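J.: Input: one structure, supplied below.
Take a look at the structure:
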């Protein structure tokens, strides 16, 4: 029986030794896990920071495009207005030109009539 007790004590000592080894391994694993978790957090933080920077760049690009679109729209409206004024001025010029032409033709007709009358008077006097 003492042999059995010695064997049990030896087995218990082996189990205690294994438990201590397991405890040491668990501690080392916990330290490694914490280190990896820290690295992971750091990498994720850097990735998130880069992502945030990229999103800000995209936002700025979109804002620039929007401003350019507004400027182009304003330029387009100004150009349309300018073209419209040019067309109106051209139409006004044409109307004035036609009025002037009509007045000139009317004066020419008056002159022709005066010349005819003068010629008729001259012919009668001869």
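In the numbering used here, the protein residues as written are 9 to 134. Each residue gets a CB set at the ideal place from its N, CA and C atoms; glycine is no exception. This one's a predicted model, so the numbers in the text were calculated from it and none came from an experiment.
1. Residue 89 to residue 112, Cα distance in whole Å?
2. Along the alpha helix (DSSP H) that carries residue 9, what are the first and last residues, could you check?
3. If we ignore side chains and look at the alpha-carbon of each, how far apart do residue 48 and residue 38 end up?
4. Rounding to the nearest angstrom, what Cα-Cα distance links residue 92 and residue 100 in this structure?
T.: Let me spell this out:
1. Locating residue 89 in the chain shown gives position 81, counting from the first residue. Locating residue 112 in the chain shown gives position 104, counting from the first residue. Looking at the two C-alpha atoms, the distance is approximately 34 Å.
2. Indexing the chain shown from 1 puts residue 9 at position 1. From DSSP, residue 9 is part of no alpha helix (DSSP H); its letter is neither H nor E.
3. The residue given as residue 48 occupies position 40 in the chain shown. The residue given as residue 38 occupies position 30 in the chain shown. Distance between the alpha carbons of residue 48 and residue 38 is about 15 Å.
4. Along the chain shown, read from residue 1 onward, the residue named residue 92 stands at position 84. Along the chain shown, read from residue 1 onward, the residue named residue 100 stands at position 92. One C-alpha to the other measures close to 12 Å.
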